[in-house]
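Shown next, in structure tokens, is the structure this report addresses.
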């Protein structure tokens with residue numbers, strides 16, 4: 040059985056690393072079982088596995104899993120077009136395809152999608168997320184650029200909060216104008232909207248066209 044699916048490198052006997060051979064009859068479950076059997080053969084007991092060796096087995100088991108585009112979309116709770124859109128923007132690397140032409144995604148695609156969605160939830164645009172992903176590729180670089188992105192986003196959030204607080208105060212003032220007993224035609228809230236001047240910030244964003 041071991042000759043069918045697993046080759047053991049003698050020079051790696053100390054760390055008991057194994058390579059799963061590319062064999063069409065071996066699925067993920069069989070591969071995991073075979074790795075453990077080989078560890079048992081070399082070390083004498085599965086209980087002899089170190090924590091790092093167990094983690095290695097789990098990692099290898101996970102790394103062997105793949106997803107179709109439908110499976111990945113379901114796992115990430117997004118639609119297919121969103122995944123394709125991420126690919127067109129370069130946020131997702133183009134996956135390999137099966138012999139029938141279907142996209143085959145590795146497990147790393149899961150964490151990539153989660154990264155994108157989490158960054159979006161924090162207010163980052165897709166263009167900004169692309170920059171963060173580009174920074175992430177250079178594992179040896181320091182985090183100055185990442186910190187700069189975070190600080191810029193925080194300043195943007197602070198500006199939005201200030202705008203929302205201003206809007207909230209304006210709405211509170213308008214609410215105090217009416218006790219709810221008057222006719223709609225005489226509603227001071229609606230009248231105030233007719234007469235209110237746009238704020239300086241609003242005028243800057245929407246300059247009058249001539």
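Numbering (my numbering), first residue to last: 40 to 249. Yeah, the Cβ is synthetic: ideal placement off N, Cα and C, and Gly gets one too.
A Cβ-Cβ distance of about 6 Å is found for the pair residue 136 and residue 143, placing them in contact under the 8 Å criterion.
Residue environment for residue 227: exposed (fewer than 16 other C-beta atoms within 10 angstroms of its C-beta).
Residue 111 sits buried, since 16 or more C-beta atoms from the chains shown fall within 10 Å of its C-beta. Approximately 7 Å separates the beta-carbon atoms of residue 115 and residue 149; this is inside 8 Å, confirming the contact. The closest CA to that of residue 184, considering only 138, 195, 167, is found on 167. A distance of 8 Å or more separates the beta carbons of residue 161 and residue 128.
For residue 124, DSSP records no beta bridge to any residue.
When C-alpha distances from residue 104 are compared across 194, 146, 171, 207, the shortest belongs to 146. Listed as beta-bridge partners of residue 145 by DSSP are 105. Taking residue 158 as reference, the option from 134, 178, 216, 193 with the minimal CA-CA separation is 193.
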